[in-house]
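Residue numbers (this note's numbering), protein chains in the order written: chain D, 1 to 350; chain P, 1001 to 1350; chain F, 2001 to 2350; chain Z, 3001 to 3350.
4 protein chains.
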Amino acid sequence: MIIILSSQATDQDVEKIVANLEGRGYGIHLSRGVEKTIIGAIGAPDEDKALIAQQIETLACVERVVPILKPYKVVGREFHPDRTMIDVRGVKIGGDEIVVMAGPCCIECESQTLEVARFCKKAGATILRGGAFKPSTSPYSFHGLGEDGLKIMAAARDETGMPIITEILDVRDLEMVAKYADILQVGTRNMSNFGLLTEIGNMRKPVMLKRGMSSTIEEWLQAAEYIATRGNYEVILCERGIRTFETFTRNTFDVNAIPAVKELSHLPIIADPSHGTGKWQLVSPVAKAAIAAGADGLMIEVHPEPQMALKDGPQSLKLDTFAQFMKELAPIIRAVNRVPAWSPVSELAD
Amino acid sequence: MIIILSSQATDQDVEKIVANLEGRGYGIHLSRGVEKTIIGAIGAPDEDKALIAQQIETLACVERVVPILKPYKVVGREFHPDRTMIDVRGVKIGGDEIVVMAGPCCIECESQTLEVARFCKKAGATILRGGAFKPSTSPYSFHGLGEDGLKIMAAARDETGMPIITEILDVRDLEMVAKYADILQVGTRNMSNFGLLTEIGNMRKPVMLKRGMSSTIEEWLQAAEYIATRGNYEVILCERGIRTFETFTRNTFDVNAIPAVKELSHLPIIADPSHGTGKWQLVSPVAKAAIAAGADGLMIEVHPEPQMALKDGPQSLKLDTFAQFMKELAPIIRAVNRVPAWSPVSELAD
Amino acid sequence: MIIILSSQATDQDVEKIVANLEGRGYGIHLSRGVEKTIIGAIGAPDEDKALIAQQIETLACVERVVPILKPYKVVGREFHPDRTMIDVRGVKIGGDEIVVMAGPCCIECESQTLEVARFCKKAGATILRGGAFKPSTSPYSFHGLGEDGLKIMAAARDETGMPIITEILDVRDLEMVAKYADILQVGTRNMSNFGLLTEIGNMRKPVMLKRGMSSTIEEWLQAAEYIATRGNYEVILCERGIRTFETFTRNTFDVNAIPAVKELSHLPIIADPSHGTGKWQLVSPVAKAAIAAGADGLMIEVHPEPQMALKDGPQSLKLDTFAQFMKELAPIIRAVNRVPAWSPVSELAD
Amino acid sequence: MIIILSSQATDQDVEKIVANLEGRGYGIHLSRGVEKTIIGAIGAPDEDKALIAQQIETLACVERVVPILKPYKVVGREFHPDRTMIDVRGVKIGGDEIVVMAGPCCIECESQTLEVARFCKKAGATILRGGAFKPSTSPYSFHGLGEDGLKIMAAARDETGMPIITEILDVRDLEMVAKYADILQVGTRNMSNFGLLTEIGNMRKPVMLKRGMSSTIEEWLQAAEYIATRGNYEVILCERGIRTFETFTRNTFDVNAIPAVKELSHLPIIADPSHGTGKWQLVSPVAKAAIAAGADGLMIEVHPEPQMALKDGPQSLKLDTFAQFMKELAPIIRAVNRVPAWSPVSELAD
């Protein structure tokens, strides 16, 4: 770490800090400028560096402490330069193929779920999404079917062969949800639920970690580190929009985050333009943008009758709109030298 | 709700929506302007209004749906015009007295906790704060002493008589934490942890609900509604700063929120200038500002040696700084016609 | 407009507002719900609606006023459903062709500018960008060559045939800058410089209006309206990123804004991924994303030696990186059924 | 500056950077850690440090460049530890006295302006505010009376003896506005209008510089530096709220900025709770908060009939509300050991 002292710092202040850090095993480089004195501290092997930095920053004679190393390691590219590819019942995420996860926001009933699943599969989706437990800002809203919803999803998987992804909302349901889900989804409100992250880290099951709506990329990667340091390396990141001052869209989809994450981490990244925009008319263009920017896949909300949906209707695509979208997506995928995980089924949208 | 139709909406579109809403029991006011048609829908007693609004908004012929009623009820002033006062072992929160909750960020050891508790009490604090379970962005940081920390807090309460407030981080620990705590604290990362809110709603124990760092005031009041609708009305709100583009401070303390909440809700509101600024030098002026703006109390991090603290040292006040602050605070409290919950103990800071 | 009254409003309050609005020529729809009374006011032809709304909102008995009409008109799609195409010396912006504007951030010297211009043209760019007047947060930074810079740009235009775009920073320089520029650029810091917008509105010259870094889409369209209402309809919008809490990138490129603007307005929209990301490594993926999302063109900073650039080096592409990027861009353009404004010159990047 | 190299940097990369910086006159401290190499560069006297930092950051082998010195100097406390006090026709800003600037948002007519001026003076205000040139997001709104408005303000000054502050919107009007104004006000949209800042810097007249609505504190101080480096040291800062995701208030008043500015700069700071909240009900509590946090004064919008105001009615105080507010403010001022710039005139509000 680098310690920038305030211009009021005395020689004694400097000596005290140096002695403290040397006592902890740091190598010290001291440099006195005309206006500022700077202490470089290198290589303390066994302690919590972030804490020491914070403690040093607390001193009145210190203006600022600048960390040198990134606050994550296992999920960083410096630790593991090759890209991670995750295999979910034969569907590969993070390889050349672009994967589309599609389905309704919430599981509402069995016949509808099966209808959507069959349709999405035919249109090219390879993973079925659906919520059985739904977070909701209002205490008066629909909160999902719970385990019954998971059973419906499992039935849809049995019929279509598509692996299923669903959100784990409450750590107490983890074991039960994990029995059904092929990929566990951690939602934006749980990105900093460190108890949940730790338990998932102790499992051996793929997890998709959505970015917190006000989390920086660095905090998001630290959350992934929580999971990975427990030994569960099958972490998929999902950009789903951040909260900004703009109100026309529900969130601001941070397309910059896609190439940024690819530069900083080896984990695959999925884009969720449904939440990232909140408006079905914007889903298709922003989904294409995400793929053009390098995303490894998409998560799209699809509903046969959005105007009857029990949640998120305004951001759900109708079946035929989804099919049309998938047709338009394939050329973009090829334009970035990747491969759709499906073969073109042109009749669907015609 | 008010439905603003797009200029492309046909007469048939209008009739369909009107029929749908009348079928659900709404009274309808239709008004056709030169450029826009507007449907006012009033008084549907038994359904989920937010859902119906969302479903209507999904229709292509609809430009926008404007809700009329606020999305919370029980915690709103229209429902309950008198201010709520909460009694915690004889300490009144939300009345004329201004309450100061003080103590270390984390409980680190017994002797230190007792030292801080005794000192804070003498300086005027009436509630002891301290963390036994700590959320932390980094998986490598200190996470608290757990139940041992709670036992230390209980010992400090036994000695000093101060009620204790501590954070409940994981819903699985709720029963255990509630055994020790006089006030349960829900942290900023858990404001939208709806499972936890529901369980706390089922208890009969005061809770302090911190604002989510990217939550609007309206969402925060909805989170309070989650708890209150279960029957636990002893909810204290806590403004602790929001996330903005400013990086000089850790958060932007939203002082506007204090009078805003007082206008919209009857619940008491506490300010946390330690997290709201992240810098100990700013804690005192911002704490005074919060009281001047109408806050019912403060939560302040105090540590005997901030440069040795295991967490949040840079935002913790030293003991003598805290004592000096309390002396300076009393005249502000009186200037807004309120009363310090303590008698002046002038010798402490002299 | 729709006026939502507070639950304290009396019958007299309602009558007073109704009489006031009827006096101004509004048609009134009054609807009394159980909890709220709502006044719909329709069709006041000649006055400043925003002002009246604000005055009504000032009344203590009013909770909220909801406007019905959008705050812009001439630049909206409801006013002019067909897309606007702007012809700049034969280069068409807003049609099927995707236009790339490229060049250095600042004009530094003639030989370098000519080198970049020739190279960019060969690589496919059709408009030359370059700054002669540069805004700069620091008073100690380079501020551009002024009119000398414009002369260099004009020379580059003479040689290459590329039209030139350059920023007008100070309204006093407008006439002089307009003598040289083919497109005037209004930067992010001037989006709300209403004096400048008005003067540009009085000209007949294409203008590219960058989004204010903290402006909503609606405010941005209102700024365009300032120009258009004076009679200058040749307005090109440019998304260049907004300010958010994320610090890894210089700005957050708001890709949602591209399809949003296409839905709300008939004006062409250009993307500036150089400022939108602030990092040259992210420019290519985000540029591709913008095209996939429907942008009509790009503005890219290119410099022969970014490490020697007098401004914005970290976000400038080197010449060969730019050529490689242009090769990769063409297939994306075709994948969204559009046409590159250039013919592929494959040898450049090989 | 400190240069953190990427883990891919070679010895040759390091040597090249070192040679480059030594050639520019920097002293170099090189430190090689296990994972990262760091170059400290100290003391290059005569060049643009920010530019060199940017150029170095452009290199592929560089991960990050950390500046050591603050990007402003003349306005910083390290340069000038004593607080600056500005004398405006005998009214002192930045000393022990708290100054209140009050008046209508816009000057609308002479009789009303005189009425407000007389009343505000009697209630305790010592400076008269009023707008003759108004920025407005909508091209259809009122833009002020121009020079006629300034003449009205001058007449009010003649009668009441209060110095006047008014906004300079367009650099072309500067000379004319300066003829009338005692303090020039630079509005939030012009904080980065560097041409205007430079011209004001060349004058010898007090200026109040409002914070840009999306500007960091550091950028704001750099804008002040623009003015001060030209020789005009009479700069007053004004916090007026920043743009965040919260929509209940017009802006988020950043109370943290007040003590932060006091720590970083010697310039006086005024608070504008009218714009900082956008709601008259919140003006009084937030104004008190600003004073409690250490502000040197306030700027308050006052209007005899807010519901008829041509601008900003919802955030304007009525005359009697203002008088009541001033009565309540005095005890807060004394509670922070400062002095109201007025003597209590109790009869006004009774």
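Cβ coordinates follow ideal geometry from the N, Cα and C atoms, glycine included. Model, not experiment: these values are computed from the prediction.
Short Cβ contact (7 Å threshold) for Glu-3225 (chain Z) with Val-3074 (chain Z): yes
Chain-order list of residues whose beta-carbon lies under 8 Å from that of Lys-279 (chain D) (same chain, five-residue window excluded): Thr-249, Arg-250, Pro-314 and Gln-315
Under 8 Å by beta carbon: chain P residues contacting Gln-3281 (chain Z): Pro-1259 and Glu-1263
Contact set for Leu-3171 (chain Z): own chain, Cβ-Cβ below 7 Å, skip 5 residues either direction: Looking at the sequence itself, residue 3171 (chain Z) is Val, so the reference to Leu does not match. Only Gly-3195, Leu-3196 and Glu-3199 meet the Cβ criterion.
In DSSP terms, what Thr-2037 (chain F) is bridged to: F:Arg-2032
Opening and closing residue of the alpha helix (DSSP H) in which Arg-3083 (chain Z) lies: Looking at the DSSP string, Arg-3083 (chain Z) is not in any alpha helix (DSSP H), and its letter there is neither H nor E.
Distance between beta carbons of Pro-2067 (chain F) and Met-2001 (chain F), contact taken as under 8 Å: 5 Å
Residues of its chain near Gly-201 (chain D), where Cβ-Cβ distance is below 8 Å and the 5 sequence neighbours each way are ignored: Tyr-226, Ile-227, Ala-228, Thr-229, Arg-230, Gly-231 and Asn-232
Given Ala-1341 (chain P) as reference, the closest of P:Met-1101, P:Thr-1160, P:Ala-1293 and P:Gln-1307 once Cα atoms are compared: P:Met-1101
Asp-350 (chain D) to Thr-216 (chain D) span [Cα, whole Å]: Here the model assigns Asp-350 (chain D) a pLDDT of 42, short of 50, so the residue's position is not dependable, and the following value carries that caveat. If I take the Cα positions, the gap works out to 42 Å.
Residues that Asn-2193 (chain F) contacts on chain Z, provided the C-beta gap is smaller than 8 Å: Arg-3189, Asn-3190 and Asn-3193
8 Å contact criterion, which Arg-243 (chain D) and Ser-214 (chain D) should meet: CB distance rounded: 5 Å
Short CB-CB distance (under 7 Å) between Gln-185 (chain D) and chain P: no
Near-chain P residues of the stretch 3059-3079 of chain Z - C-beta to any C-beta below 9 Å: none
Same chain only: Cβ atoms within 8 Å of Ser-3136 (chain Z), ignoring 5 sequence neighbours per side: Phe-3142, His-3143 and Lys-3311
Span of the alpha helix (DSSP H), counted from its first residue to its last, around Ile-1333 (chain P): 1319-1335
Beta-carbon proximity of Ile-3086 (chain Z) to Gly-3094 (chain Z), cut-off 7 Å: yes
Test: Ser-3007 (chain Z) CB closer than 7 Å to a CB of chain D: yes
Through-space distance from Thr-1037 (chain P) to Ser-2031 (chain F), alpha-carbon basis: 16 Å
Assigned secondary structure, Arg-2230 (chain F) (DSSP; H/G/I helix, E/B strand, else coil): coil
Cβ distance (whole Å) where Leu-1282 (chain P) is taken to contact Pro-3259 (chain Z) below 8 Å: 5 Å
Contacts that Lys-3036 (chain Z) makes with chain D (C-beta to C-beta distance below 9 Å): Ile-42, Ile-68 and Leu-69
Classification of Phe-1079 (chain P) by the beta-carbon crowding that lies within 10 angstroms, buried from 16 upward: exposed
Rounded separation between Ser-1346 (chain P) and Ile-1107 (chain P) - CA only: Because Ser-1346 (chain P) carries a pLDDT of 44, less than 50, the predicted location of this residue cannot be relied on, and no value is offered for it.
For Met-3203 (chain Z), three-class secondary structure by DSSP: coil
Where Asp-2011 (chain F) falls, given that 16 or more other Cβ within 10 Å makes a residue buried: exposed
Sequence-distant residues of the same chain with beta carbon closer than 8 Å to Gln-3222 (chain Z), five excluded per side: Pro-3071 and Tyr-3072
Beta-carbon proximity of Gly-2103 (chain F) to Val-2116 (chain F), cut-off 7 Å: yes
Partners in chain F for His-1275 (chain P), counting only beta-carbon separations shorter than 7 Å: By Cβ distance, chain F contributes nothing, its closest Cβ being about 16 Å from His-1275 (chain P), past 7 Å.
Whether Ile-183 (chain D) touches Val-88 (chain D) by CB criterion (7 Å): yes
Sequence-distant residues of its chain with Cβ nearer than 7 Å to Ile-3152 (chain Z) (five each side left out): Ile-3107, Glu-3110 and Thr-3113
Candidates P:His-1029, P:Ala-1019 and P:Glu-1022, of which the one nearest Ile-1004 (chain P) by Cα: P:His-1029
Buried/exposed call for Arg-3157 (chain Z), threshold 16 Cβ in 10 Å: buried
Start-end ranges of the alpha helix (DSSP H) lying completely within the stretch 3080-3139 of chain Z, minimum 4 residues: 3110-3123
Top-ranked residue by Cα proximity to Ala-41 (chain D), from D:Ala-60, D:Glu-35 and D:Ala-19: D:Ala-19
Sequence-distant residues of its chain with Cβ nearer than 6 Å to Asn-190 (chain D) (five each side left out): Leu-196
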